[in-house]
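*Asks:* Can you read through this structure? Questions will come right after.
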Amino acid sequence: KIRLITRVAFGFKSPEALIALAMLNLGGHRPVLPGRK
């Protein structure tokens with residue numbers, strides 16, 4: 005699953021963006037989307 009995330013994040017300019025994307029995909033944190041409650 006990490007390989008897929010790195011391919012999706014290939015165009016990102018910083019490794020922090022890749023780490024954030026991995027944390028959102030693999031972590032349990034689900035932020036509330038705007039306009040939805």
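In our numbering, each residue's number is its place in the sequence shown (first place is 1) plus 4. No residue lacks a Cβ here, since even glycine has one placed at the ideal position from N, Cα and C.
Excluding sequence positions up to five away, which residues of its chain have a Cβ less than 8 Å from the Cβ of L22?
*Replies:* If you number the sequence shown from 1, residue 22 lands on position 18. Cβ within range, chain order: I9, T10, A13 and F16.
*Asks:* Is DSSP giving A21 helix, strand or coil here?
*Replies:* The sequence position of residue 21 within the sequence shown is 17, counting from 1. Residue state, collapsed to three classes: helix.
*Asks:* Please list, in chain order, all residues of the same chain as M27 whose beta carbon is under 8 Å from its beta carbon, the five residues on each side excluded.
*Replies:* For this step, residue 27 is matched to residue 23 along the sequence shown. Counting only Cβ-Cβ distances below 8 Å, and skipping sequence neighbours, we find H33.
*Asks:* Taking 8 Å as the threshold (C-beta atoms), are L30 and K5 in contact?
*Replies:* Here residue 5 is taken as the residue at index 1 of the sequence shown, counted from 1. Here residue 30 is taken as the residue at index 26 of the sequence shown, counted from 1. A contact, by the Cβ cut-off of 8 Å.
*Asks:* For A36, I'd like the list of residues in its chain whose CB is within less than 7 Å of its CB, leaving aside the five on either flank, ordered along the chain.
*Replies:* Along the sequence shown, one-based indexing puts residue 36 at 32. According to the sequence displayed, residue 36 carries Val and not Ala. Same-chain partners within the cutoff: there are none.
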